[in-house]
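Those letters in the sequence shown? Residues 1 to 526, per UniProt numbering, in order. Glycine is no exception: its CB is placed at the ideal position from the N, C-alpha and C atoms. What follows is one structure encoded as structure tokens, with my remarks underneath.
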Amino acid sequence: MLSAVDLVALLLFGVVLLCSEFRTKWGWLRLRKSKALSPANTPPPSPKPKTEPRRKTVQDIPGPWPSLPVLGTRWIYSLGVYKMDKIHEAYEDMFNRYGPVVREEALWQIPVVSILERSAIETVLRSSTKYPLRPPTEVTAHYRQSRPDRYTNLGLVNEQGETWHQLRSVLTPELTSAKTMLRFLPELNTVASDMTTLLAASRDSNGVITRFEELANRLGLESTCTLILGRRMGFLDEKVDPQAAKLAAAVKVHFCASRDTFYGLPFWKVMPTKAYKELVESEETIYDIISGLVDAALAEEQQTAQVDAVQSVFLAVLNAPELDIRDKKAAIIDFIAAGIQTLGNTLVFVLYLIAKHPHVQKRLYEELIAAAPAGSPWTAQNLRNAPYLKACIMEAFRVLPTAPCVARIIDTDMVLSGYHLNAGSVVLCHTWLAGLKESNFPAAHEYRPERWLNGGPGSAATFLVLPFGCGRRMCPGKRFVEQALQVVVAQTIRDFDVGFDGDLGLQFEFLLTPQGPASFTFRDRV
Ligand code: HEM
């Protein structure tokens with residue numbers, strides 16, 4: 001039994017820990033930035049006339065209340081006000097309650113500002129500097145720091161500044177290159193055709209596949225591995241590969257644990273909570289499985305010494321002279337892990353929206369068979385002749401994006417929707433919810449791919465439909481994902497009439513995900 005003194009000591013210990021190395025990284029950044037702008041370092045302001053209204057600051061932004069000492073307002077997700085797996089609904093509700101700017105407070109009562117107005121989103125995203133800052137997933141950063149045997153840095157997703165820039169310039173040129181994607185296209189055709197064979201084989205007698213999301217994740221894994229490792233892995237074989245299932249499950253747990261530690265109360269910083277333990281376990285499973293794949297690919301590479309056209313990303317990463325082998329391995333692991341669920345989710349959303357709009361599916365099918373009759377491959381030219389296909393995918397990104405907002409730590413002071421924010425503030429740009437406002441897109445809640453034809457919907461799209469983020473921190477997988485989706489959706493719609501009964505539910509798992517089981521029907525085209 002703990003005595004009162006023990007309890008007080010424990011409490012003090014917790015507070016000391018929280019105050020020291022476990023303090024939120026962006027909190028320090030914010031303090032550093034604000035110090036540079038503090039009165040001691042800036043010339044005294046010129047006296048203002050008494051009548052001038054007081055300028056509104058971050059403290060004036062409305063939001064959930066009360067903000068608890070140290071813990072801020074994160075309790076709203078832990079104490080039942082909002083559900084952790086429905087955070088997308090929580091933001092919609094908060095914007096309805098408080099208006100287009102909402103302030104939450106993270107640990108240490110650091111403000112996290114959510115914005116909905118197009119002009120405000122544009123101001124933040126336009127102000128991109130040399131090293132744009134995105135708030136790190138602190139829990140991953142914390143875990144990686146505890147494993148120097150595996151990681152020398154926090155990885156491309158979580159690093160900032162010079163280190164991020166160095167990783168980005170060394171690791172991504174091959175992945176983002178148009179040439180790489182062109183060389184990859186024939187291989188992608190075989191992946192897509194294996195996917196449709198798998199779909200045909202997985203149907204019941206009514207053509208129904210009850211857990212289509214699992215097959216979509218296998219497609220994400222197979223196509224990403226083929227691109228990153230330069231070889232086929234067999235994850236689309238009819239028999240479920242236990243390793244693929246384990247990996248996909250670990251990625252899901254990883255996203256959920258990241259969500260729970262990000263939005264929940266930050267006790268994981270002082271003791272290993274359930275979410276933290278899940279994160280560590282999933283991170284290790286992902287590392288071990290992908291590391292095994294990388295080692296096998298490396299061994300094969302040395303035996304055959306072949307330089308295949310589709311091995312360019314793998315070789316480019318492995319041959320990067322500036323990097324430690326731990327960095328190379330971690331980068332390959334991160335790329336593969338980044339591709340599984342993101343691509344899988346997006347495929348479910350795109351096919352769902354097409355299935356729910358038969359006139360869209362009909363028009364798309366007609367375009368596809370005209371561009372590439374059944375049996376012919378998807379070439380760059382065929383795909384150029386399929387603008388409606390691209391419009392269907394783009395509109396799906398607007399209506400149901402996998403990444404519903406873009407996060408930034410602003411690096412200059414700015415005025416957003418009338419509030420003055422200091423450099424160092426964390427801002428969440430809610431591009432998805434903004435893209436569903438009538439003022440930005442007419443008939444905003446309707447799935448209308450036509451709006452993307454003939455020049456597209458104009459300026460509203462530039463900063464609101466950003467499925468891959470924007471600027472220098474934009475997703476390096478963008479080109480690959482766009483091409484993979486085009487080929488797989490084209491192949492699927494050319495081979496099957498796709499149907500979906502009812503409505504697809506949504507879950508928030510750090511990403512927007514379909515709430516399984518997602519039941520699709522795939523009927524052969526006659
Ligand atoms: C549908 C699939 C995907 C979606 C919707 C998606 C979305 C995003 C978004 C929104 C960001 C943040 C961008 C920003 O802050 O401006 C991002 C970053 C990133 N993504 Fe993706 N992604 C997808 C697939 C992939 C794939 C396949 C890879 C790897 C091959 C990948 C690797 C990364 C990396 C490494 C970053 C961090 C980039 C940096 O900070 O410099 N993603 N992604």
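Beta-bridge pairing of residue i - partner residues as DSSP gives them
i	result
R523	D497
A106	I110
C256	DSSP output for C256 lists no bridge partner at all.
F508	L512
G72	L68
L414	A quick correction: the sequence has Met, not Leu, at residue 414. Answer by DSSP bridge pairing, in chain order: L421.
V101	I115
T57	H420
C429	I115 and V406
V208	T521
Residue i: CB within 6 Å of a non-hydrogen atom of the ligand HEM
i	result
G469	yes
F335	yes
M474	yes
R231	no
L298	no
R134	yes
T342	yes
T402	yes
G477	yes
A141	no
L156	yes
T346	yes
V487	no
R168	yes
E120	Before going on, a small fix: residue 120 reads as Ala here, not Glu. For the ligand HEM, not one heavy atom lies less than 6 Å from the Cβ of A120.
A330	no
V124	no
A391	no
G72	no
V406	yes
A316	no
V251	no
A216	no
A338	yes
V481	yes
Whether residue i touches residue j by CB criterion (7 Å)
i	j	result
F508	D194	no
I340	A216	no
S282	V240	no
E187	T226	yes
N469	V399	Rather than Asn, the amino acid found at residue 469 in this sequence is Gly. Not closer than 7 Å, so no.
residue 533	Q486	Residue 533 is absent from the model: the chain starts at 1 and stops at 526.
C429	I115	yes
K437	A444	yes
I409	L133	yes
V313	L175	yes
F397	V465	yes
R523	G207	yes
P404	P467	no
S258	T137	yes
I289	I336	no
Y287	I333	yes
Residue i CB to nearest heavy atom of the ligand GDP below 6 Å
i	result
T224	Although the ligand GDP was asked about, the structure shown includes only the ligand HEM as ligands.
Assess, as a yes-or-no matter, whether the region 264-271 is touched by the region 109-123 under the definition of 3 or more beta carbon pairs within less than 8 Å. Segments in contact, no.
I'd like the ranges of any beta strand (DSSP E) spanning at least 3 consecutive residues and lying wholly in the region 332-410. Runs found: 406-409.
Could you tell me whether the region 473-489 touches the region 165-181, where touching means 3 or more Cβ pairs closer than 8 Å? A contact is defined here as three or more CB-CB pairs under 8 Å, and the region 473-489 meets this definition with respect to the region 165-181.
Whole alpha helix (DSSP H) elements within the region 122-153, 4-residue minimum: Taking only runs of at least 4 residues, the alpha helix (DSSP H) segments lying wholly in the region 122-153 are 138-145.
Check whether the region 83-99 and the region 352-368 touch, using three or more Cβ-Cβ pairs below 8 Å as the test. At 8 Å Cβ cutoff, the stretches do not touch.
With a cut-off of 8 Å, do at least 3 Cβ pairs link the region 159-169 to the region 345-357? Taking 8 Å as the limit for Cβ pairs, the verdict is that the region 345-357 does not touch the region 159-169.
In chain order, which beta strand (DSSP E) runs of at least 3 residues are fully inside the region 432-492? With a minimum length of 3 residues, no continuous beta strand (DSSP E) run stays inside the region 432-492.
Within 8 Å, do at least three Cβ pairs link the region 101-110 to the region 411-429? With the cut-off at 8 Å, the region 411-429 and the region 101-110 touch.
Touching or not, the region 402-416 and the region 424-438, by the rule of three or more beta carbon pairs under 8 Å? A contact between stretches requires three or more CB pairs, one per stretch, nearer than 8 Å, and the region 402-416 meets this requirement with the region 424-438.
Spell out a yes or no on whether the region 202-221 and the region 231-239 are touching, meaning 3 or more CB-CB pairs, one atom from each, closer than 8 Å. Touching, yes, given that three or more Cβ pairs across the two stretches are closer than 8 Å.
Cβ contact (3+ pairs, closer than 8 Å) linking the region 380-394 and the region 448-459: The count of Cβ pairs closer than 8 Å, one atom from the region 380-394 and one from the region 448-459, reaches three, so the stretches are in contact.
How do the region 372-387 and the region 509-519 stand: do at least 3 beta-carbon pairs fall below 8 Å, yes or no? No, because fewer than three Cβ pairs between the region 372-387 and the region 509-519 fall closer than 8 Å, the two stretches do not touch.
With three or more C-beta pairs closer than 8 Å as the rule, is the region 133-151 touching the region 495-502? Segment contact: the region 495-502 against the region 133-151, fewer than three CB-CB distances shorter than 8 Å; contact not assigned.
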